[in-house]
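Add 54 to the 1-based position in the sequence shown for my numbering, that's all there is to it. For every residue, glycine included, the Cβ atom is placed at its ideal position computed from N, Cα and C. Only a predicted model underlies this, so the values are computations on that prediction, with no experimental measurement involved. The structure under discussion appears below in the form of structure tokens.
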Amino acid sequence: MQIAYARVSTLDQNLDLQTDALEKAGCEKIFTERLSGARSDRPVLAEMLEFLRPGDTLVVWRLDRLARSVADLIRIVKDLESRGIGFTSLSEGIDTRSGTGRLVFHIFAALAEFERYLIKERTVAGLKAARDRGRIGGRPRLMTVDKLAAARKLIGSGMSAREVAAAVGASLPTLYRHLAAGADAS
């Protein structure tokens, strides 16, 4: 059975172009959704994925209708493949039921993995270059050594922890965490 998924991002966009192409391709059931692809909580997508059975083929008009990122697309298609479900994208001519279609899809997957590797490599190199210039990354510490010392004095003078946290500009959990650690906050 060919099951289709069509999506537009906003209520004022029209699904007709997609549904017409999916019907022409012979899809027997079309799930439609009006929700941004950037959202991970797409209820119709979840319902459609649950509906699919081994031997079915998921058909989309274009790859970006199913997923916004290559990583999400690869995750979804690998899940389908593990369940014995084919995948077809009409616009890109990808059909994982054929050897060529699987090859094209896996080339996409390999390129996405390579891109993630390059991003990681550039990030590591950038952090190293920043450290070499004396810059240390991360958020600045909220509790400095001086603030922690002041907090300990204020607590010793009888102030409540809530009052002390407000006085040193920290949240109560942050104050408790630093006091319990007995750390010097450096």
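Which residue from the options puts its Cα closest to that of residue i?
| i | options | result |
| --- | --- | --- |
| V62 | L89, S211, G192 and E77 | L89 |
| R122 | L103, E104 and S94 | S94 |
| E104 | V124, A125 and I130 | I130 |
| I84 | A100, Q56 and G109 | Q56 |
| M118 | E135, R107 and E146 | Residue identity check: residue 118 is Asp in the sequence provided, not Met. Answer by Cα proximity: E146. |
| R107 | E135, V178, P97 and V114 | E135 |
| T73 | E167, A205, R206 and R116 | R116 |
Tell me the DSSP secondary structure of residue i in three-state form.
| i | result |
| --- | --- |
| A219 | helix |
| G140 | strand |
| A79 | coil |
| D110 | coil |
| P86 | The identity of residue 86 in the sequence shown is Thr, whereas the question assumes Pro. Correct three-state label for T86: strand. |
| A58 | strand |
| D149 | strand |
| L71 | helix |
| D95 | coil |
| L134 | helix |
| D66 | coil |
Run the CB neighbour count on residue i, radius 10 Å, all protein chains shown included, and call it buried at 16 or more, exposed below.
| i | result |
| --- | --- |
| K201 | buried |
| H232 | buried |
| L65 | exposed |
| L99 | buried |
| L71 | exposed |
Stretch pair the region 220-230 + the region 192-204: three plus CB contacts closer than 8 Å: yes
Run through the region 185-214 for me and flag every whole alpha helix (DSSP H) of 4 or more residues, listed as ranges in chain order. 199-210
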